[in-house]
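Peer 1:
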């Protein structure tokens, strides 16, 4: 049963912002990032959705693969200079 104080799956941007915590990717501890597990906040099961904020020059992950999972990225905003051709 859903709590009356939380109306899933509505999550306010301020809640996600407040949930961001500094961490590093397990495969590359030098990559500092701030992340929040939005799927947990929404009560989702079987799917992981993370908001990850990267600083200048940081990478979100390192090259790796999954045998039983898929992974995709959706870039919301880009702060660094555009690519040059």
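Numbering (this note's numbering), first residue to last: 168 to 252. Glycine included, every Cβ here is placed at the ideal spot set by N, Cα and C.
Between residue 227 and residue 219, is the Cβ-Cβ spacing less than 9 Å?
Peer 2: A contact, by the Cβ cut-off of 9 Å.
Peer 1: What did DSSP end up calling residue 203 once you bin it into helix, strand or coil?
Peer 2: Note: residue 203 maps to strand in three-state DSSP.
Peer 1: Kindly indicate the opening and closing residues of the alpha helix (DSSP H) around residue 183.
Peer 2: Residue 183 -> alpha helix (DSSP H) spans 180-186.
Peer 1: Starting from residue 221, trace the beta strand (DSSP E) in both directions and tell me its first and last residue.
Peer 2: Where residue 221 is concerned, the enclosing beta strand (DSSP E) stretches over 217-221.
Peer 1: Less than 6 Å between C-beta atoms, sequence neighbours within five positions excluded: which residues of the same chain meet that for residue 252?
Peer 2: Residue confidence for residue 252 is low, a pLDDT of 47 falling below 50, so the modelled location carries little weight and cannot support an answer.
Peer 1: Near residue 194, what residues of its chain come up, given a Cβ to Cβ distance below 8 Å and the 5 sequence neighbours on each side ignored?
Peer 2: Cβ within range, chain order: 228, 229 and 231.
Peer 1: Where does residue 180 land, buried or exposed, given buried means 16+ other C-beta within 10 angstroms?
Peer 2: Exposed, since its Cβ has fewer than 16 Cβ neighbours within 10 Å.
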